[in-house]
Every structure is written in structure tokens, then in C-alpha cells.
Ligand code: R5P
């Protein structure tokens, strides 16, 4: 690995514990102003001190994040779809690698839609993005998107998606937690981070998910709604940090909620 790539990776996943807590706030690119993310600057400000990186689009980065903030940025570079459009999987590159460099991004993120009518389009675009980002030492985070079919989140399907993403060159893969998650981890040769998905019933469920994911081999979380839609968002991200970086139990971490 070249120095630039190594340096960016080490800012994203710290070498002391090889773990990470990333705050995902990129949802507006296809969901619009969803609850508790209507004014991104207000959502980001209190949570940023507890995040190891922010995952977001260029529009939110430029307009809602202080340029003096010393945090690595994971720039979502795909889009072109919406929750009300005909096919959520019809996503492609909409932000160039040149733009990612201009914005000093530490990684670029792209969603793949395996098993959909746009599988080929998104997988080829992932390969092309890796080719270009590699030229400049920028890691690619592949997101194994499931669109509206949340029931797809099982180890067989996610294992397939994660493995394909890593084979096509993604340096990090983001997926969902599922039963038998350890199998997904074992068959993916690059670090995996988990999304939270739609808001879970209780805060303990969220902590349980984070705890299980890291204990089964995830490098950490790249979580959005279950943090900033929580009634105690700061408490939630701090509790998740305690689990991810301090190996705390769910019970111990829940004292921060
Ligand atoms: C898709 O909407 C984005 O990549 C999100 O960043 C991802 O789903 C993680 O956010 P959440 O934890 O809300 O699922």
C-alpha cells in the first residue's frame, strides 16, 4: 500500500485498536430531509467530537461542516436516485475523484446493488472508482445497499455482496449486521463496518447491535439514524464509542444513555 493510502486508512481506522466509530449523515442524497437531519449542521455539531469520521455528501460538507473541523471525511460520490423514483438501485457516480481531492476527503463511498436490475452498472462503476481513487491513494468504501428490501439482510446475501465488493477492490466495506455475521466477516478480506439501518425499538437494541458486530469481527460502525434520531444522540454515540473502542459491555455502555 502506498503511503497516501496507508495514511488515509490510518486516519479512518486508528492503528491502536483497529476500530472505528463513523457518523453517517449522507442519507439526504436519496431520502431528502428526514427526521432529525432536517438541519444537518445542528445534527452534526454536538456529535462530531465523538466521531472518528463523518460520512456525507459534498453538499452537506461544503454547507454544513466547519472547514476547521479536524476529522476525516468519507465522501459519498454516488447518487442519481430517490426514495420516490422508479428504482432505488439506479445509482451511479455523481461526484468526481478530483472533487474528492479538492474537498480533502479521506475516502470515497459508493453503493452497490447486488441482485437488482442495476447490479452490473453499480459493480462496474465500483471497479472504475477503485481504479481512479487508487491512482491518488484514496480508499473506497463500498456500501452493500439493500434498497427498500430490508429483509435481504441475511448472511448469505450480505456475505455475497461484501465478498464481491472486496474482490472488485474496495478497501473497506459497509454492510448490515445479521445473524451469523461472523461468517460475513470471515469471507471478506477487508475491514467491515456496520450500518444501523432504520431506528431500532430501544437504545439497548442499538448497543446490542454494535456490541455483537464488533465482537463478531467488525472494525466498527458507520451509523446514522440510530444515533441522531435517538432522544439522547450524544449519549448514544458516546455509549457506542465505549463499546467499540473500550470493549465495554452493553450494560456498562448503557449508563451513558
Ligand atoms: C444509506 O442511506 C447510507 O449509506 C447510510 O449512511 C447508511 O445506511 C448508514 O446509516 P444508518 O445507520 O442510518 O443505516
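Numbering (the working numbering), first residue to last: 22 to 278.
Ideal placement from N, C-alpha and C gives every residue a C-beta, glycine not left out.
Any non-hydrogen atom of the ligand R5P closer than 8 Å to residue i Cβ
{"i": "residue 132", "result": "yes"}
{"i": "residue 108", "result": "no"}
{"i": "residue 210", "result": "no"}
{"i": "residue 247", "result": "yes"}
{"i": "residue 217", "result": "yes"}
{"i": "residue 51", "result": "yes"}
{"i": "residue 164", "result": "yes"}
{"i": "residue 266", "result": "no"}
{"i": "residue 79", "result": "no"}
{"i": "residue 195", "result": "yes"}
{"i": "residue 76", "result": "yes"}
{"i": "residue 97", "result": "yes"}
{"i": "residue 72", "result": "no"}
{"i": "residue 252", "result": "no"}
{"i": "residue 94", "result": "no"}
{"i": "residue 244", "result": "yes"}
{"i": "residue 88", "result": "no"}
{"i": "residue 226", "result": "no"}
{"i": "residue 14", "result": "With the chain covering only 22 through 278, there is no way to say anything about residue 14."}
{"i": "residue 232", "result": "no"}
{"i": "residue 139", "result": "no"}
Three-state secondary structure assigned by DSSP to residue i
{"i": "residue 121", "result": "helix"}
{"i": "residue 201", "result": "coil"}
{"i": "residue 242", "result": "strand"}
{"i": "residue 214", "result": "strand"}
{"i": "residue 196", "result": "strand"}
{"i": "residue 94", "result": "strand"}
{"i": "residue 35", "result": "strand"}
{"i": "residue 187", "result": "helix"}
{"i": "residue 166", "result": "coil"}
{"i": "residue 114", "result": "strand"}
{"i": "residue 208", "result": "coil"}
{"i": "residue 99", "result": "strand"}
{"i": "residue 27", "result": "helix"}
{"i": "residue 149", "result": "helix"}
{"i": "residue 251", "result": "coil"}
{"i": "residue 50", "result": "helix"}
{"i": "residue 56", "result": "coil"}
{"i": "residue 257", "result": "helix"}
{"i": "residue 221", "result": "coil"}
{"i": "residue 62", "result": "helix"}
{"i": "residue 137", "result": "coil"}
Residue i burial status per 10 Å Cβ neighbour count (16 or more: buried)
{"i": "residue 24", "result": "exposed"}
{"i": "residue 105", "result": "exposed"}
{"i": "residue 173", "result": "buried"}
{"i": "residue 62", "result": "exposed"}
{"i": "residue 208", "result": "exposed"}
{"i": "residue 180", "result": "buried"}
{"i": "residue 102", "result": "buried"}
{"i": "residue 171", "result": "exposed"}
{"i": "residue 112", "result": "buried"}
{"i": "residue 241", "result": "buried"}
{"i": "residue 76", "result": "buried"}
{"i": "residue 163", "result": "buried"}
{"i": "residue 145", "result": "exposed"}
Per DSSP, the bridge partner or partners of residue i
{"i": "residue 132", "result": "164"}
{"i": "residue 45", "result": "76"}
{"i": "residue 262", "result": "Residue 262 is not bridged to any residue."}
{"i": "residue 40", "result": "35"}
Chain C within 9 Å of residue i, Cβ atoms only
{"i": "residue 193", "result": "Annotation note: the requested chain C is absent from the structure, which comprises a single protein chain."}
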